[in-house]
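Numbering (mature numbering (1 follows the signal peptide of the UniProt record, and there is no 0)), first residue to last: -36 to -1, 1 to 218.
Below: the structure, in structure tokens.
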């Protein structure tokens, strides 16, 4: 999401998690993304986060569900599904099996100087929006990621008066890129299935989703051995421009 506008409102502390600092930097080798299995309990996190953000920010749920699929969606037996551990690093999109792998990858590139990259369910760009978060770790959080995306989309809707145009501007202010993105967004929005992801999540997570509590991501997070991930075509249609990089773990954004 290479947006050249930064919102100044901060993410509520109640939505943010604190994680241990990584002690080592690991650069993932490039390879095939075919080994990354689509786990409904993980992909469902983006839709759960979208539901919370829709309720809190007043953005239509179908708009948020379509955006997260446009940004991170990949095909599965259940159709196009979002993936929270998605990174677009300087125009190269990758899906990772788990959050640890995604964060290590971002951390390694941040250390070498990258500053323009998108992370999470709604592909929030560090370069343009990172100052709204305390850390990249918080940017990866599906709830915090979705809340910020919803607030930004709401601002864009206030500017354009149309959710499709707001979606296009969410991606780019360049009309050609925005229109192409908006067309894809509308196709995905039209073909959305019912929002039934809550029932597919573990009981503990399901209860928290129903009662409006922050999701305990550790309940569905399953660390796995490092596997190679290849570049894949992401929902975002336009490679990022300019400097690129990411902060990871609990490296402050200040």
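We treat Cβ as the ideally placed atom computed from N, Cα and C, and that holds for glycine.
In this text the structure is predicted, and so the values were computed from the model without any measurement.
Three-state class that DSSP yields for residue i in the structure shown
i: residue 127; result: helix
i: residue 81; result: strand
i: residue 137; result: coil
i: residue 49; result: coil
i: residue 76; result: coil
i: residue 7; result: helix
i: residue 99; result: strand
i: residue 62; result: coil
i: residue 39; result: coil
i: residue 89; result: strand
i: residue 22; result: coil
i: residue 275; result: The displayed coordinates of the chain run from -36 to 218. Any statement about residue 275 would go beyond what the structure contains.
i: residue 132; result: helix
i: residue 57; result: strand
i: residue 117; result: helix
i: residue 109; result: helix
i: residue 160; result: With a pLDDT of 46 at residue 160, under the threshold of 50, the predicted position of this residue should be treated as unreliable, though the coordinate-derived value follows. Three-state result, residue 160: coil.
i: residue 28; result: helix
i: residue 143; result: helix
Residue i Cβ short of 6 Å to the ligand SAM heavy atom set
i: residue 156; result: With respect to the ligand SAM, the structure shown offers nothing to examine, as it has no ligands at all.
Nearest-angstrom Cα separation, counted from residue j out to residue i
i: residue 25; j: residue 59; result: 24 Å
i: residue 135; j: residue 92; result: 12 Å
i: residue 138; j: residue 99; result: 29 Å
i: residue 80; j: residue 54; result: 6 Å
i: residue 117; j: residue 153; result: 15 Å
i: residue 291; j: residue 119; result: Because the chain here runs from -36 to 218, residue 291 falls outside it and cannot be looked at.
i: residue 90; j: residue 155; result: 30 Å
i: residue 78; j: residue 51; result: 13 Å
i: residue 22; j: residue 121; result: 11 Å
i: residue 176; j: residue 12; result: Summary for residue 176: the model assigns pLDDT 46, below 50, so the residue's position carries little reliability; its value from the coordinates is reported in the next sentence. Approximately 10 Å, taken between the alpha carbons.
i: residue 61; j: residue 107; result: 19 Å
i: residue 41; j: residue 10; result: 17 Å
i: residue 19; j: residue 64; result: 29 Å
i: residue 74; j: residue 68; result: 10 Å
i: residue 84; j: residue 101; result: 10 Å
i: residue 253; j: residue 144; result: Look at the range of the chain in this structure, -36 to 218, and you will see that residue 253 is not part of it.
Close Cβ partners of residue i (< 8 Å) along its chain, the five nearest in sequence each way excluded
i: residue 123; result: 130, 133
i: residue 142; result: 129, 132, 133, 135, 136
i: residue 140; result: none
Contact under 7 Å by Cβ, residue i with residue j
i: residue 259; j: residue 66; result: The shown model of the chain, from -36 to 218, leaves out residue 259, and the question about it has no answer.
i: residue 149; j: residue 17; result: no
i: residue 5; j: residue 28; result: no
i: residue 32; j: residue 71; result: no
Close-in-space but distant-in-sequence residues of the same chain around residue i (CB under 7 Å, 5 per side omitted)
i: residue 88; result: -36, 82, 103, 109, 112, 113
i: residue 157; result: 43
i: residue 146; result: 128, 129, 131, 132
Cutoff 6 Å; reference residue i; Cβ partners in own chain excluding five residues on either side
i: residue 34; result: 148, 149, 152, 199
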